[in-house]
Amino acid sequence: MAKVLMINYEKCTGCRLCELICSVVHEGVSNPSRSRIKIMKWESEGLYVPMSCQQCEDAPCMNVCPVKAISRDENLDYVKIDYDICIGCRACVSACPFGAMSFDVIGRKVVKCDLCDGDPQCVRFCEVKALEYVDADRVSVVKKKDAAYRLTVAEKEAAALAAQV
Amino acid sequence: MALNRKIAYIDLSTGKIEMKPIPLEVRKKFLGGRGLDAYLLYNHTEKGIDPMGPKNVLMVSAGILGATLASASARTHIMAKSPLTELLGSSNMGGFFAPELRWAGFDHLVIKGKAEKPVYLWIHNGEIEVRDASNIWGKTTTETQWAIREELGDEDIKCAVIGPAGENLVRYANVMTGIKDSAGRSGMGCVFGSKNLKAIAARGTMDIKIAYPTDAIEYNRRFITQIVSAKVNQTQGTLGTPFIWGATNSWGGIRTRNFQYNQCEYADDIEPERLDEICEETMGKYHMAGCFGCQVHCRAKYKIPSGPYAGKYDEGPEYTSQGAFGGEPDCKNAVTVLTGNHLVDQWGVDNLEIGSIISWAMELYELGILTNKDTDGLDLSFGNDEALLEMIRRIAFRDGWLGDTLAEGGIRASEKIGKDSFSYLIQVKGMSNLHSDERATPALALGIATGSRGSDHLRSRPAIDLYHLPEEVLRKVYSNPVPYDGPLSSDHTSYVGKAWEVFWQELCYMGVDCLGICKYHTTFLGATLPNFEDWSKVLYYNTGLEMSPKEIWDVAERTYNIERLFNMREGLTRDDPKKGDTLNHRYFDEPCLRGAPDVIGSTIDRKKFKKMIDEYYEHHGWDENGVATQETLKRLGLSKEPSHLV
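For the record, the sequence lines run as chains V and P.
If you count the first sequence from 1, you need to add 149 to reach the numbering used here.
If you count the second sequence from 1, you need to add 120 to reach the numbering used here.
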């Protein structure tokens with residue numbers, strides 16, 4: 150089964166090592182402005198949210214591309230750019246609803262997460278596991294279990310309240 | 121490449137800005153960060169200048185490994201002549217400012233003169249602009265940062281700023297970035313204020329080329345595993361630095377009621393576990409944050425749970441706030457600690473200094489040296505939480521006679537207060553000690569007595585000395601990268617070999633401060649953490665600069681000697697109680713009253729202490745007065761200082 154980059158923003162410590170690793174892996178430089186992943190921060194609330202490509206099924210970037218440079222990689226199941234075809238018009242940057250497609254002003258090209266050919270380096274360096282690379286079905290299972298636990302707690306509390314009455 | 125970042129010389133009096141590359145020869149001698157700052161300070165200041173006058177020179181820098189894959193390469197260093205001590209002023213902070221400064225093209229800022237009206241510096245992709253700050257003057261540290269971001273229209277801007285305390289020239293005002301990252305010690309915020317400099321804003325998108333990316337990445341992975349596998353860092357990552365306070369208090373190494381006791385009793389409400397509970401209650405299960413590139417994430421996030429500031433968001437509290445607003449004034453209330461921490465963060469003043477000074481004033485009040493007349497009726501008794509918080513405000517805003525007096529720092533305040541007040545002041549070279557009590561730990565006592573910026577735990581503290589490690593383990597750590605075959609002792613109450621430990625740690629901490637990485641990533645709290653050997657590799661993989669572990673050691677020794685040259689030039693003498701390598705008499709005269717059996721009754725032995733200082737000077741190659749000998753200076757290539765290479 151294809152894997153996905155699962156982001157659990159609650160665990161993120163905001164350290165931005167993922168941004169640094171991403172720019173070194175792809176460009177050989179330290180420069181977060183060229184990273185494919187970026188942590189959005191609300192510093193005065195202590196809220197940090199890593200943002201990267203969702204690898205959409207019906208990807209707006211793919212649909213909007215006038216030269217069909219964007220396609221789905223059958224093997225790793227992600228949205229990829231063919232730079233031999235890409236004309237750098239940035240229509241994909243405008244179309245992406247998540248801001249995940251960006252324009253690298255130094256490399257003069259559009260860039261997005263390519264899952265590092267199946268071994269995402271940001272995941273490898275995220276010690277707190279805010280980023281994980283998991284089988285696609287796992288994403289909702291984790292949430293399901295959390296929600297299920299909350300339900301049982303609520304049920305027990307309700308039962309305890311009822312017993313008191 | 122990582123070595124092409126520049127020095128900018130900014131004259132605030134004339135508005136003139138010059139930018140110069142850093143020659144490779146200078147890099148090899150001083151690396152960057154604190155090391156090169158020390159060289160710049162010694163070369164660009166004259167003897168005896170007023171620290172608050174236009175002739176003082178302010179250095180703001182990143183380390184040579186800043187923003188690279190060196191792990192926690194986040195540190196900003198700030199240096200100037202200190203308004204608090206009139207000796208070396210030097211302070212260091214985490215966060216995200218230094219990496220941004222490097223992405224914006226600069227490693228070192230050398231700020232001279234004084235602006236006519238409030239200004240801030242805007243540093244962006246190789247350009248520097250001096251901008252009007254009159255409409256942000258008066259704002260708190262976070263308000264200032266958000267206002268600059270709004271004015272310049274970029275949320276990714278990182279700022280180093282001062283708050284009201286810096287504007288009011290409190291001599292121990294700090295420089296801050298983010299919510300709580302502070303260059304706290306030695307009054308660097310006061311120097312900002314004295315130059316009418318409200319902030320430095322940086323934003324950059326310039327590449328820092330990594331010399332050998334694959335090696336740098338793989339070594340970083342190894343480095344991180346080594347760092348997070350240390351139990352001490354795992355604990356830092358869950359409880360933050362408060363765990364150190366808790367552990368130290370358990371055996372009796374925490375000073376309480378200024379210096380009357382060495383253990384804070386019945387302190388459940390300010391123990392690390394309690395503070396952690398509040399963080400979890402207010403911010404959820406995952407409430408730790410990290411500085412740039414750091415996997416230790418020792419910074420807790422919290423909201424104040426109750427009281428007049430209920431609901432306010434802040435970060436920390438570090439163990440310094442726990443000591444400064446909990447143990448020292450004997451206010452054993454979590455809300456007080458969290459509130460005090462918030463106030464100093466917002467107003468921009470060193471938590472450690474202000475807590476120590478207020479606790480000293482509380483002891484003077486108890487003794488009748490300070491009276492209700494001096495306090496304008498405030499009941500400054502130990503354990504009075506409200507009085508503590510009120511004094512923080514009075515000092516930050518220099519309100520009333522006592523607030524204004526204490527804002528001058530301990531020594532000046534003691535001269536104004538008179539009587540016997542000085543003998544109760546726990547300071548070295550005019551800077552207050554951390555909340556720790558070193559009477560049972562001679563190695564730690566030597567460290568605070570000799571620290572180049574005054575009493576401080578981050579200059580040379582051999583914390584692993586407390587672990588009773590076997591001698592062969594200590595020897596392995598302390599015989600690298602230069603051999604040491606002198607005596608060492610596993611006993612923390614011993615005086616044997618401690619001078620070498622302090623000397624070694626001084627150079628180790630100088631090493632990280634030049635590289636721009638955090639002390640939790642080296643031999644500070646854990647004996648297994650990376651140092652010289654690893655730095656040599658990390659430096660090469662990231663910058664291409666080839667330096668052996670011994671050459672990095674030499675840089676550390678060279679730059680430490682420049683700091684010493686500066687201090688000697690500004691009047692340090694060995695036994696001067698106000699400007700010397702000395703301790704308050706209470707360390708020698710008043711025995712510890714609480715703590716573990718081998719701690720109760722401890723004092724520092726005067727004779728043995730003197731011998732330790734002699735040994736320490738000898739390791740440094742200094743004479744019996746603590747003056748570097750000509751041979752030492754020659755060996756380190758410092759015979760002709762100031763040499764004005766940059």
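All residues carry an ideal CB built from backbone N, CA and C; glycine is no exception.
Report all residues from its chain with a CB closer than 8 Å to the CB of residue i; omit the five preceding and five following residues, and keep chain order.
i	result
K217 (chain V)	I234
R287 (chain V)	M155
T663 (chain P)	M121, A122, L123, I184, L185, T188, A331
Residue i CB to nearest chain P CB: under 9 Å?
i	result
T301 (chain V)	no
K292 (chain V)	no
Q270 (chain V)	yes
C262 (chain V)	no
R221 (chain V)	no
I156 (chain V)	no
I186 (chain V)	no
E281 (chain V)	no
S201 (chain V)	no
V173 (chain V)	yes
F274 (chain V)	yes
Y197 (chain V)	yes
P209 (chain V)	no
Could you please give the first and the last residue of the uninterrupted beta strand (DSSP E) stretch that includes residue i?
i	result
S210 (chain P)	208-213
I188 (chain V)	187-191
F226 (chain P)	226-232
S774 (chain P)	The question about residue 774 (chain P) has no answer, for chain P in this structure spans 121 to 766.
P199 (chain V)	196-200
D131 (chain P)	126-131
K229 (chain V)	227-230
V250 (chain P)	247-252
Quick one: give me the first and last residue of the alpha helix (DSSP H) that residue i is part of.
i	result
Y422 (chain P)	Per DSSP, Y422 (chain P) belongs to no alpha helix (DSSP H); it is in the beta strand (DSSP E), 419-423.
E306 (chain V)	287-313
E626 (chain P)	618-635
V747 (chain P)	Element bounds for V747 (chain P): n/a, residue is neither H nor E.
S479 (chain P)	471-487
I398 (chain P)	392-403
Y660 (chain P)	652-663
M769 (chain P)	In the structure displayed, chain P extends from 121 to 766; residue 769 (chain P) sits before or after that span and is not available.
S243 (chain V)	240-244
I512 (chain P)	505-516
M308 (chain P)	308-314
Which residues in the same chain as residue i place their Cβ atom closer than 7 Å to its Cβ, once the five residues preceding and following it in sequence are excluded?
i	result
E767 (chain P)	Residue coverage of chain P in this structure runs from 121 to 766, which leaves residue 767 (chain P) outside it and unanswerable.
E694 (chain P)	The sequence given here has Arg at residue 694 (chain P), not Glu. Contacts found: G700, D701, N745, G746.
P174 (chain P)	S133, G233, K234
Measuring only between beta-carbons, confirm whether residue i sits less than 9 Å from chain V.
i	result
T648 (chain P)	no
K329 (chain P)	yes
G538 (chain P)	no
A336 (chain P)	yes
A507 (chain P)	no
T642 (chain P)	no
H740 (chain P)	no
I184 (chain P)	no
W223 (chain P)	yes
T188 (chain P)	yes
M408 (chain P)	yes
F216 (chain P)	yes
Can you round the beta-carbon distance between residue i and residue j to whole angstroms, since I take them to be within the 8 Å contact cut?
i	j	result
I188 (chain V)	Y197 (chain V)	5 Å
K329 (chain P)	G177 (chain V)	7 Å
I170 (chain V)	Q313 (chain V)	The pair is not a contact, with the Cβ atoms about 54 Å apart (cut-off 8 Å).
T196 (chain P)	V180 (chain P)	7 Å
Are three or more beta carbon pairs between the region 678-687 of chain P and the region 376-388 of chain P nearer than 8 Å?
no
Tell me, please, whether the region 218-227 of chain P touches the region 126-145 of chain P by the rule of three or more beta-carbon pairs shorter than 8 Å.
yes
Are the region 442-453 of chain P and the region 414-423 of chain P touching by the rule of at least three beta carbon pairs closer than 8 Å?
no
Please confirm if the region 651-662 of chain P is in contact with the region 580-591 of chain P, defined as three or more CB-CB distances below 8 Å between the two stretches.
no
Decide if the region 232-241 of chain P is in contact with the region 288-303 of chain P; the criterion is three or more beta carbon pairs, one per stretch, under 8 Å apart.
no
Touch test, the region 636-650 of chain P against the region 307-326 of chain P, Cβ-Cβ under 8 Å, three pairs minimum:
no
Would you call the region 590-597 of chain P and the region 559-568 of chain P in contact, with 3 or more CB pairs under 8 Å?
no
Is the region 253-264 of chain P in contact with the region 151-164 of chain P, if contact means three or more CB pairs nearer than 8 Å?
no
Contact the region 493-510 of chain P vs the region 394-407 of chain P: 3+ CB pairs below 8 Å:
no
Do the region 719-728 of chain P and the region 655-675 of chain P meet, that is, are 3 or more Cβ pairs less than 8 Å apart?
no
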